[in-house]
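In this note's numbering, the protein residues as written are 708 to 1017. Quick reminder that beta carbons are idealized off the backbone N, C-alpha and C, glycines included. These numbers were taken from a predicted model, which means no experiment stands behind them. Report on the structure given below.
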C-alpha cells in the first residue's frame, strides 16, 4: 500500500524505489568489504554485528529520507489465525524448498554440501542459546527491517502489483545471501516473506516466518553438535552425491504444498472486509488442488523407483 506524508508547506512526499535500490547497493558493497572482514575475524559474533549494522542502516535510511519508523516498519497486534497461517506457509515453503535444494545438490553435490557443512560449523561455533539468538532472532528483526521494511516500502510507491513486488523482492533476497548455489531457495523464501508482508502490513508475521525458518536448521545443528557421524555423512554426500531415490522421496513430500499454501491464504484473508469467506470458492479450485497434490506423488514415485532399479 502506498503511503504519503505531508510536509509543513502542504506538499506531499513519498518514498521512491531509488531509495531502496541505493540502500541495497550500500548493503551489498558492505558485504564484500567490511562485513566479510568482520565475520572472518569474529565468526558468529561478527554476524551479530552485521545484523546490527543492517538494522542501523534501515533506521538511518528512514530518518534521512524523512519518514516515520512507524510507517516504514509497521508493527500491530498479531491475530492467532494469521499466526497459524504463517506456520502453514512456512511448512509448505520448507517442504517445497527441500526437493529444490536437493535437486541442486544432486547436480552440484560438492558445492552444495560443502557450503552446508561450512555453515553448520559456523553456527555450532558458539553455545546453542547464543547461536539461536544470533542466527534466528536477529535476522528475523534486522533483515526484515531492511527487506520487508525500507526496501519494500520504497518499491511499493511505484509498483502496485503484488506479484511483481514478490518476484522483485525475492530476487533481491536471493542476491543478498551472496551464493549462487543458494540463490533459488533464498529467492523463493524472499518472495514468500514479501507476500506475507503485503497481505498483512505487519512486520511481526514475516519476522515470525523468518525466525522459524532459521530456527529449525539451527536446532538440528545443535542436536548434531560434535557428531563425527554428521561430518562423515556430509563428506560422503559431497564426494558421492545424493542418491536419486532420496530425491524422489523429497519430491513426493511436496504433495502437501498446494493445500498448505491455499489454507494459509484463506486464513490470511478470513475476516477482512470484502473478502471471500468460503474455503473452497469453486469446484475448479478443488480439482486444481487435487491435481497438484497427486502430481508430486506420482513424480516422486517415478524418480524413486528409477533410482532404485536403474
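So, residue i versus residue j, is the Cβ gap smaller than 9 angstroms?
{"i": "residue 880", "j": "residue 765", "result": "no"}
{"i": "residue 802", "j": "residue 923", "result": "no"}
{"i": "residue 760", "j": "residue 737", "result": "yes"}
{"i": "residue 975", "j": "residue 907", "result": "yes"}
{"i": "residue 961", "j": "residue 1007", "result": "yes"}
{"i": "residue 921", "j": "residue 842", "result": "yes"}
{"i": "residue 815", "j": "residue 727", "result": "no"}
{"i": "residue 958", "j": "residue 892", "result": "no"}
{"i": "residue 793", "j": "residue 919", "result": "yes"}
{"i": "residue 747", "j": "residue 882", "result": "no"}
{"i": "residue 926", "j": "residue 804", "result": "no"}
{"i": "residue 865", "j": "residue 724", "result": "yes"}
{"i": "residue 774", "j": "residue 722", "result": "yes"}
{"i": "residue 966", "j": "residue 996", "result": "yes"}
{"i": "residue 811", "j": "residue 819", "result": "yes"}
Tell me where the alpha helix (DSSP H) around residue i begins and ends.
{"i": "residue 746", "result": "743-749"}
{"i": "residue 797", "result": "787-814"}
{"i": "residue 845", "result": "845-851"}
{"i": "residue 776", "result": "776-779"}
{"i": "residue 861", "result": "859-863"}
{"i": "residue 878", "result": "869-883"}
{"i": "residue 991", "result": "990-1016"}
{"i": "residue 973", "result": "964-976"}
{"i": "residue 952", "result": "951-960"}
{"i": "residue 726", "result": "724-737"}
{"i": "residue 740", "result": "Neither: residue 740 is in no alpha helix (DSSP H) and is coded neither H nor E."}
Can you find the residues in the same chain that come closer than 7 angstroms, C-beta to C-beta, to residue i, ignoring five residues on each side of it along the sequence?
{"i": "residue 750", "result": "829, 832"}
{"i": "residue 952", "result": "1011, 1014, 1015"}
{"i": "residue 998", "result": "none"}
{"i": "residue 745", "result": "753, 756, 757"}
{"i": "residue 846", "result": "758, 917, 921"}
{"i": "residue 885", "result": "738"}
{"i": "residue 731", "result": "858, 879"}
{"i": "residue 718", "result": "Unreliable placement is indicated for residue 718, whose pLDDT of 41 sits below 50; no coordinate value is reported for it."}
{"i": "residue 776", "result": "766, 769"}
Grab me the residues of residue i's own chain with a C-beta within less than 8 angstroms of its C-beta, minus the 5 sequence neighbours each way, in chain order.
{"i": "residue 729", "result": "none"}
{"i": "residue 782", "result": "909, 910, 911"}
{"i": "residue 928", "result": "827, 830, 831, 838"}
{"i": "residue 813", "result": "948, 949, 951, 954"}
{"i": "residue 844", "result": "918"}
{"i": "residue 872", "result": "859, 862, 863, 866, 901, 905"}
{"i": "residue 716", "result": "At residue 716, the pLDDT of 38 sits below 50, so the modelled position is not reliable; the number obtained from the coordinates is stated separately. None."}
I believe residue i touches residue j by the beta-carbon criterion, under 8 angstroms. Please report the beta-carbon distance rounded to the nearest angstrom.
{"i": "residue 809", "j": "residue 1005", "result": "At roughly 18 angstroms, the Cβ-Cβ gap does not stay under 8 angstroms, so residue 809 and residue 1005 are not in contact."}
{"i": "residue 796", "j": "residue 968", "result": "7 angstroms"}
{"i": "residue 790", "j": "residue 915", "result": "7 angstroms"}
{"i": "residue 799", "j": "residue 971", "result": "7 angstroms"}
{"i": "residue 985", "j": "residue 788", "result": "Going by Cβ atoms, the distance from residue 985 to residue 788 rounds to 15 angstroms, so no, they are not a contact pair."}
Can you name, in chain order, every residue of its own chain whose Cβ lies under 6 angstroms from the Cβ of residue i, other than the five neighbours on each side?
{"i": "residue 853", "result": "761, 765"}
{"i": "residue 779", "result": "769, 856, 857, 860"}
{"i": "residue 913", "result": "851, 855, 900, 903, 904"}
{"i": "residue 834", "result": "none"}
{"i": "residue 869", "result": "905"}
{"i": "residue 710", "result": "Note on residue 710: pLDDT 48, under 50, position unreliable in the model; no value is reported."}
{"i": "residue 708", "result": "Annotation note: pLDDT 43 at residue 708 (below 50); position unreliable, coordinate value reported separately. Excluding sequence neighbours, residue 708 sits near nothing in its chain."}
{"i": "residue 785", "result": "911"}
{"i": "residue 742", "result": "757"}
Any heavy atom of the ligand ATP closer than 8 angstroms to the beta-carbon of residue i?
{"i": "residue 732", "result": "Although the ligand ATP was asked about, the structure shown includes no ligands whatsoever."}
Quick check on residue i - is its C-beta less than 9 angstroms from some C-beta in chain D?
{"i": "residue 726", "result": "No chain D appears in the structure shown, which is made up of a single protein chain."}
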